[in-house]
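Numbering (our numbering), first residue to last: 9 to 148.
Heads up, the beta-carbon is just placed ideally off N, CA and C, and yes, glycines get one too.
Below is one structure; the comments refer to it alone.
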Amino acid sequence: MRYKMSEQLIKFQSTTYGDKYVDAKVETGDDNRGVIYGRVIDKNNKPISNAVVKLIILEDPNDPLSILPITHTFTDEYGQFLFGPLPPNKTYLIKIWHDDIYVRPVTIKDKEARHSCITIREGKNSDNSERKLPINHSEK
């Protein structure tokens with residue numbers, strides 16, 4: 009069986025009997041969508057679970073009021089979060105809250121964030137995020 013995927017999900021089901029087997033090959037077209045993933049940790053490097061992580065698109069990076077909220081998620085027991093697939097060539101803003109405390113916004117520019125993980129460290133009025141990719145921080 010051979011399937012070609014574009015922007016749709018391909019589903020198939022197969023049943024084998026005895027010593028039979030099925031080979032399946034899935035080809036994906038050019039797909040330049042991406043994901044944003046990372047960790048939220050406290051000042052003692054412990055993961056923060058159940059933090060709210062909100063994803064926002066900055067439609068005009070020069071205008072902080074041109075925001076478009078996209079979605080939100082919660083960190084898992086390891087402090088990890090994931091957003092995707094996401095459209096390319098956008099500037100994203102991540103806002104994080106934990107126990108009603110606003111942690112910090114993080115701005116991610118598409119081309120700077122390829123193949124990288126964000127680690128955001130909790131800290132009051134400090135810029136102490138691990139820079140595993142170029143990001144712009146601003147305390148609010």
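Item                                                                                                                           : Value
Buried/exposed call for Y100, threshold 16 Cβ in 10 Å                                                                          : buried
Residue closest to V61, alpha-carbon to alpha-carbon, out of L76, V48, P72, P55                                                : V48
Helix, strand or coil at R47 [DSSP, three-state]                                                                               : strand
Rounded C-alpha distance that separates F82 from N40                                                                           : 25 Å
Contacts around V43, its chain only, beta-carbon distance under 8 Å, and the 5 residues preceding and following it disregarded : L90, F91, G92, P93, L94
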